[in-house]
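Protein chains in written order, with the numbering used here: chain X, 3 to 133; chain D, 10 to 542.
Ideal Cβ placement from N, Cα and C applies to all residues, glycine included.
See the structure below:
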């Protein structure tokens, strides 16, 4: 499966097409290689591909322009602690994945590049959440 | 033990998950081990004695919890009104049939192209025989049931990297696994290795029992022969006339089974939650919700979206938008309110309750789940492979292939397979993030590894990813023991004039029985308060 999908990814070429190429992790945790891929294949399940969120009987908040995302600590907290009905998805990611995802989300949706996440910070937060 | 998919699974869970059939089985085993499998506490219809003196109750949500509450309160003399987001009753009790249109969050629109009589149960699909409340309401509402096949010995266990990717019959893995283990134990017993643990008298009985259990031969060996074939089936089954003589097949070696880890799925057939007999409503699980809906008639107002819940010492008020008239708002008032909205929705809504309940409402993550229905032009699983109902497990992302438990063995009959059922874990999110078309293509590609006939016989498919279901935003509340200790009582306690009910307010999360029992417990306590002098 992975091989076939990876090939499909290569042949698809363009980034736009990649956004629609399925990705499947091998186990219980996420295998996505970087922040963009994590966003597209995990976060977008609820927050949608462009970060616009979605509304039905309830709502998934849109990420675009949400100023809270400027705070790296806020994102670390949400991803490792969960928020409302959102599970603590960061616990199924490595520190490298978390860092890349957080920096991707901040840059993409609020244009923040200062105060980037680091593996030290996510690891420390992870330890704190475990207590 | 912890079923939270975002914490490291326990060692046992990990083993199960790595083993064949992985995810689904692992999750359910974890749930079972958390005590969710306790026997239903239902002991017959609820008795609400005493005059409610015209009290009114506003019920939010026409799922099984809300409709159970409405049904029982109305019988007890209450005035009830139910507000429902969808245009149909049932909530997660839902069957998708040909002609139905489904638009998920994000806007992807699917029209179900199944033939008449074919369906997919996107949510609950089976009822354990010990879910007494669901069964009793089916009886009282006239919902016909038929067996749901959980264990079909002819179905498969499959891993791409085990046995060269060839799916193995559950019958053979099950028989050869217990045969091999029984032979080992018999050997140990005969060598005296168990003398410390087994008395001399019991030793003989143990050997006899192992022979019986494993299909061992006279010398306590598990090998090709009539004893083993009685369990594992035959290379050539007994026939009639000149070709009658059966031929025994060669058992799979214990080492091959152990390393394949296909044994990992066998536990799901033994667990209390899935023991025979299980049931399904004839025509789809949604028949239960439909029956409740008919019973309640215009007590349910459909197509309204609740946006705010407020209360004071005199009563409760819910503000809602009318979805048919493009969002004009109105309010409904009552003396009391039973809110059955999923916490995924309630946690982001203005709801006037005290801090303990508010914190409980916000504390629970919702697990994702995905189901995919695939219609095929012929029932190749029946015609070619003699699989009548039941489930095959694979450790591919699709996890399971569920066969229809109805309409067996008819000439030229089509059928709908459950082509994927994911509950929790990375793949459930990844499937949700795909377009409906991609979900179906991946299910076809992976399913074809188990049934190559997929490629020729596929007609049409539909998928429901629960995190994108507009009326729930998730599949079910994902409790942990720590969260229960902190929040469960606050979630279930009546806050002023507002009480919550639903699967999330039960020890049977994601089960319909939990939703109904929660509603019954809620109306009992509410009623006691209403009639109190």
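Determine, using beta carbons only, whether residue i comes closer than 8 Å to chain D.
{"i": "residue 134 of chain X", "result": "Residue 134 of chain X cannot be examined here, being either before or after the span of chain X that is shown, 3 to 133."}
{"i": "residue 50 of chain X", "result": "yes"}
{"i": "residue 44 of chain X", "result": "yes"}
{"i": "residue 106 of chain X", "result": "no"}
{"i": "residue 76 of chain X", "result": "no"}
{"i": "residue 14 of chain X", "result": "Residue placement at residue 14 of chain X cannot be trusted, given a pLDDT of 36 that sits under 50; the coordinates are not used to answer."}
{"i": "residue 94 of chain X", "result": "yes"}
{"i": "residue 32 of chain X", "result": "yes"}
{"i": "residue 60 of chain X", "result": "yes"}
{"i": "residue 25 of chain X", "result": "yes"}
{"i": "residue 64 of chain X", "result": "no"}
{"i": "residue 130 of chain X", "result": "no"}
{"i": "residue 53 of chain X", "result": "no"}
{"i": "residue 84 of chain X", "result": "yes"}
{"i": "residue 98 of chain X", "result": "no"}
{"i": "residue 127 of chain X", "result": "no"}
{"i": "residue 56 of chain X", "result": "yes"}
So the alpha helix (DSSP H) residue i belongs to, where does it begin and stop?
{"i": "residue 531 of chain D", "result": "521-540"}
{"i": "residue 187 of chain D", "result": "179-199"}
{"i": "residue 79 of chain D", "result": "73-84"}
{"i": "residue 68 of chain D", "result": "Residue 68 of chain D -> not in any alpha helix (DSSP H); beta strand (DSSP E) instead, spanning 65-69."}
{"i": "residue 101 of chain X", "result": "97-112"}
{"i": "residue 48 of chain X", "result": "46-49"}
Taking the CB atoms as reference points, tell me whether residue i and residue j lie closer together than 8 Å.
{"i": "residue 480 of chain D", "j": "residue 58 of chain X", "result": "yes"}
{"i": "residue 71 of chain X", "j": "residue 111 of chain X", "result": "yes"}
{"i": "residue 382 of chain D", "j": "residue 161 of chain D", "result": "no"}
{"i": "residue 103 of chain D", "j": "residue 131 of chain D", "result": "yes"}
{"i": "residue 74 of chain D", "j": "residue 349 of chain D", "result": "yes"}
{"i": "residue 456 of chain D", "j": "residue 410 of chain D", "result": "yes"}
{"i": "residue 392 of chain D", "j": "residue 417 of chain D", "result": "no"}
{"i": "residue 188 of chain D", "j": "residue 260 of chain D", "result": "yes"}
{"i": "residue 305 of chain D", "j": "residue 80 of chain D", "result": "yes"}
{"i": "residue 310 of chain D", "j": "residue 324 of chain D", "result": "no"}
{"i": "residue 476 of chain D", "j": "residue 483 of chain D", "result": "yes"}
{"i": "residue 121 of chain X", "j": "residue 101 of chain X", "result": "yes"}
{"i": "residue 202 of chain D", "j": "residue 219 of chain D", "result": "no"}
{"i": "residue 520 of chain D", "j": "residue 294 of chain D", "result": "no"}
{"i": "residue 100 of chain D", "j": "residue 56 of chain X", "result": "no"}
{"i": "residue 127 of chain D", "j": "residue 425 of chain D", "result": "yes"}
{"i": "residue 375 of chain D", "j": "residue 486 of chain D", "result": "yes"}
{"i": "residue 163 of chain D", "j": "residue 396 of chain D", "result": "yes"}
{"i": "residue 515 of chain D", "j": "residue 502 of chain D", "result": "no"}
{"i": "residue 428 of chain D", "j": "residue 470 of chain D", "result": "yes"}
{"i": "residue 142 of chain D", "j": "residue 453 of chain D", "result": "no"}
Using a beta-carbon distance below 8 Å, is residue i in contact with chain X?
{"i": "residue 311 of chain D", "result": "no"}
{"i": "residue 314 of chain D", "result": "yes"}
{"i": "residue 15 of chain D", "result": "Confidence at residue 15 of chain D is low in this model, with a pLDDT of 38, below 50, so the placement of that residue is unreliable and no value is reported for it."}
{"i": "residue 87 of chain D", "result": "no"}
{"i": "residue 451 of chain D", "result": "yes"}
{"i": "residue 39 of chain D", "result": "Residue confidence for residue 39 of chain D is low, a pLDDT of 44 falling below 50, so the modelled location carries little weight; the figure read from the coordinates is stated next. So no, residue 39 of chain D is outside the interface."}
For the beta strand (DSSP E) holding residue i, just list the boundary residues, first then last.
{"i": "residue 249 of chain D", "result": "Where residue 249 of chain D is concerned, there is no enclosing beta strand (DSSP E), given that its DSSP letter is neither H nor E."}
{"i": "residue 157 of chain D", "result": "154-157"}
{"i": "residue 270 of chain D", "result": "Counting along the chain, residue 270 of chain D falls outside any beta strand (DSSP E), and DSSP gives it neither H nor E."}
{"i": "residue 243 of chain D", "result": "243-245"}
{"i": "residue 90 of chain D", "result": "88-92"}
{"i": "residue 468 of chain D", "result": "467-474"}
{"i": "residue 167 of chain D", "result": "165-167"}
Spell out whether any CB of chain A is found under 8 Å from the CB atom of residue i.
{"i": "residue 47 of chain X", "result": "In the structure shown, chain A does not exist; the protein chains are X and D."}
In chain order, what are the residue ranges of uninterrupted beta strand (DSSP E) at least 3 long that sit wholly in the region 480-517 of chain D? 507-509
Sequence ranges, beta strand (DSSP E) only - wholly within the region 367-452 of chain D, length at least 3: 378-385, 399-403, 409-412 and 424-432
According to a CB-to-CB cut-off of less than 9 Å, which residues of the region 353-386 of chain D neighbour chain X? 353, 354, 355, 356, 357, 358, 370, 371, 372, 373, 374, 375, 376 and 377
Closer than 7 Å between beta carbons: that is the criterion. Which residues of the region 424-448 of chain D meet it against chain X? 434, 435, 436, 438, 439, 441, 442, 443, 444 and 447
Would you list, in chain order, the members of the region 474-487 of chain D that have their beta-carbon closer than 9 Å to a beta-carbon of chain X? 474, 476, 477, 478, 479, 480, 481, 482, 483, 486 and 487
Anything in the region 109-122 of chain D with a Cβ closer than 7 Å to a Cβ of chain X? List those residues in chain order, please. 114 and 115
What beta strand (DSSP E) runs, 3 residues minimum, are completely inside the region 281-357 of chain D? 287-290, 313-320, 325-331, 337-343 and 345-348
Contact set between the region 402-418 of chain D and chain X, restricted to residues whose Cβ is under 8 Å from the partner: 405 and 406
Can you give me, in chain order, the residues of the region 92-103 of chain D that have a beta carbon less than 7 Å from any beta carbon in chain X? 94
I'd like the ranges of any beta strand (DSSP E) spanning at least 3 consecutive residues and lying wholly in the region 107-134 of chain D. 110-112 and 118-120
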